[in-house]
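For the sequence shown, the working numbering begins at 993 and goes up steadily by one.
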Amino acid sequence: MKIYNTLTKKTEEFHSNVPNEVGIYVCGPTVYDYFHIGNARSFIMADIIRRYFEYKAFKVTYVMNLTDIDDKIIKKAQNENLAFREISEKYINAFFSDLEKLKVKKADFYPRPTENIDEIIELIKRLIEKEIAYNVDGNVFYDVSRFPEYGKLSGKKIDELESGSRVEINIQKKNPLDFALWKKAKEGEPFWNSPWGKGRPGWHVECSAMSMKYLNTPIDIHAGGSDLIFPHHENEIAQSEAVIGKNFVNYWMHFGFLNIQNEKMSKSTGNFFTAREILIKYSAEAIRLFFAQTHYAGPLNFSEDVLFGAQKGLEKLTNLIEKVEDQLKLKNHSSIIPEFEFSKYKIDFESAMDDNFNTPQAIAVIFDFIREINKIISENDDNLDFSFYQKIKDFLVPTTGNVLGILVWGNQEATFQESREDELIKLLIKLRLNAKQEKNFVLADKIRDELKNLGVILKDEKDKTTYKKQKLLEI
Ligand code: AMP
Ligand code: ZN
């Protein structure tokens, strides 16, 4: 299995510290708002990677932090006249509920800085003891000049960074690149007691302390969006390695941005859609397929046409699944067992995924499989031996279901989940038809017009009514 490592800038053979076990730490959200689908791209691609390790029979320990104390959380709490914990709790609950809807598997641990203050303070103390950090009037900073390897992840050089400095000037710092480990509390801000007075931890040190608490070092894999390479992950390396005196992480993985109209989707610029708003229009499976069709490391433009395409592509998968499910329920089958190399598709799927998680290639393999299988089924009038249908299931469930998370097999959940919105539109179309049959044309027209106001255009055809949804960007 090969992984591209941001640290070495090479695609490397993956070796875990302990055979068949892997520790993965992924930087999670700052919980001051609902997360957007740019964040969702990182969460979903990390989920697919984790699921692939499980497919390969690794015992995975998956950790994602929840940053529950931060300037943005404090500011929002102040604006809304709430305690900061009311803000963080609200958005942590929303985070869990949205991730579940996106079919993202739960992490083993979701550490929060507010619950790990002792570990964070301990780490800062050790950095001070080693004279790598300094305290100025209750603010503690990391002294970048004391870590010669600073810049090794991002490829930035300290002197270049200083000269082109867009770093915030702070007279307390020895060097503009030094960053805060402990922030002194201002009037009215939440605080914790520490050897340096009342304050709260800086963001970077939280991830160092919490990742090393839950995973052994060197951590096998540490991941996040590529906006985190500098300074967040660079600083994590500096803090952790200065203390442990060895490699902090073996493989650094970074997810490309989800862009919108060629600009990074981000809260601060306001060009974003929340995951919950997209989930109203599109199923989790369509969203996951949309993301997995592009390699995790490259940029991806948010496009509703492509998302529509993903939703359509899924129908091919669902049609096949329904057919196979029906056949598996039957008692009598023909004894025809066509020639088909199931193992070839399994091998191709695995070599795509083994090649730095090449999900677009893996999906191409699956859709080839579906096409070929459909051909055989129709050539034989859907009348084949039971074992053949079972083998289709045995290929699709672990790959398309368990790894990519774009199919659900069985009756507990619908195989293909329509979005709630589609279900509601179809219900209204049915009610409108009833109204027409009862000659209540006023109501029928009202339903059509109200839907139009909401961006749903109905079209009456000969024997059915179809609908088209306006795109989010047009609304
Ligand atoms: P935040 O809540 O901003 O700290 O982000 C949570 C996670 O989402 C981090 O791993 C970010 O790197 C990632 N992320 C933020 N914006 C995007 C984006 N537009 N595309 C992909 N990942 C992103
Ligand atoms: Zn982090």
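Glycine included, each C-beta is placed from N, C-alpha and C at the ideal position.
C-alpha distance - residue i paired with residue j, whole-angstrom precision
i: Phe1408; j: Glu1277; result: Since pLDDT at Phe1408 reaches only 47, below the 50 mark, its modelled position is unreliable, and the value read off the structure follows with that caveat. Going by the C-alpha atoms only, they are around 8 Å apart.
i: Met1204; j: Ile1211; result: 8 Å
i: Ile1066; j: Tyr1024; result: 9 Å
i: Asp1340; j: Val1357; result: 7 Å
i: Phe1349; j: Asn1426; result: 50 Å
i: Ala1406; j: Gln1303; result: Legend: pLDDT at Ala1406 = 42, less than 50; position of this residue unreliable, value from coordinates given subsequently. Those two C-alpha atoms are separated by around 15 Å.
i: Gly1194; j: Leu1173; result: 5 Å
i: Gln1164; j: Gly1130; result: 11 Å
i: Gly1020; j: Asn1251; result: 19 Å
i: Val1395; j: Val1014; result: 16 Å
i: Gln1319; j: Ile1365; result: 14 Å
i: Ile995; j: Asp1347; result: 7 Å
i: Lys1422; j: Ile1272; result: 20 Å
Classification of residue i by the beta-carbon crowding that lies within 10 angstroms, buried from 16 upward
i: Asp1452; result: exposed
i: His1196; result: buried
i: Phe1027; result: buried
i: Pro1103; result: buried
i: Asn1242; result: buried
Coarse secondary structure for residue i, derived from DSSP in three states
i: Tyr1126; result: strand
i: Pro1105; result: helix
i: Pro1011; result: coil
i: Glu1004; result: strand
i: Val1395; result: helix
i: Ala1099; result: coil
i: Ser1258; result: strand
i: Asn1348; result: coil
i: Tyr1083; result: helix
i: Asn1239; result: coil
i: Gly1305; result: helix
i: Tyr1381; result: helix
i: Pro1193; result: strand
i: Met1245; result: strand
i: Tyr1206; result: helix
i: Ile1116; result: helix
i: Tyr1017; result: strand
Alpha helix (DSSP H) segment containing residue i, residue limits
i: Arg1138; result: Taken as a continuous stretch (DSSP letters only), Arg1138 belongs to no alpha helix (DSSP H), as it is neither H nor E.
i: Tyr1047; result: 1029 to 1047
i: Lys1051; result: That residue, Lys1051, is in no alpha helix (DSSP H); its beta strand (DSSP E) goes 1051 to 1056.
Delimiting residues of the beta strand (DSSP E) encompassing residue i
i: Ala1172; result: 1171 to 1176
i: Leu1250; result: 1250 to 1252
i: Ala1215; result: 1211 to 1217
i: Lys1456; result: Neither: Lys1456 is in no beta strand (DSSP E) and is coded neither H nor E.
i: Val1132; result: 1131 to 1134
i: Asn997; result: 994 to 997
Presumed contact (8 Å Cβ cut-off) between residue i and residue j, rounded CB distance
i: Ile1362; j: Lys1438; result: Not a contact, Cβ separation roughly 42 Å.
i: Ser1275; j: Gly1248; result: Incorrect: roughly 23 Å between the Cβ atoms, too far for contact.
i: Ile1229; j: Leu1145; result: 6 Å
i: Ile1328; j: Asp1377; result: 6 Å
i: Asp1414; j: Ala1267; result: That belief does not hold up - the Cβ atoms of Asp1414 and Ala1267 are roughly 17 Å apart, past 8 Å.
i: Met1037; j: Tyr1337; result: Not confirmed; about 23 Å, so no contact.
i: Pro1105; j: Thr1053; result: With 8 Å as the limit, Pro1105 and Thr1053 do not qualify as a contact, their Cβ atoms being about 20 Å apart.
i: Ala1284; j: Ile1384; result: Not quite, the Cβ-Cβ distance comes to about 21 Å (not below 8 Å), so this is no contact.
i: Gly1397; j: Asp1039; result: 7 Å
Heavy atom of the ligand ADP within 7 Å of residue i beta-carbon
i: Arg1424; result: Absent from the structure shown: the ligand ADP. Ligands present: the ligand AMP and the ligand ZN.
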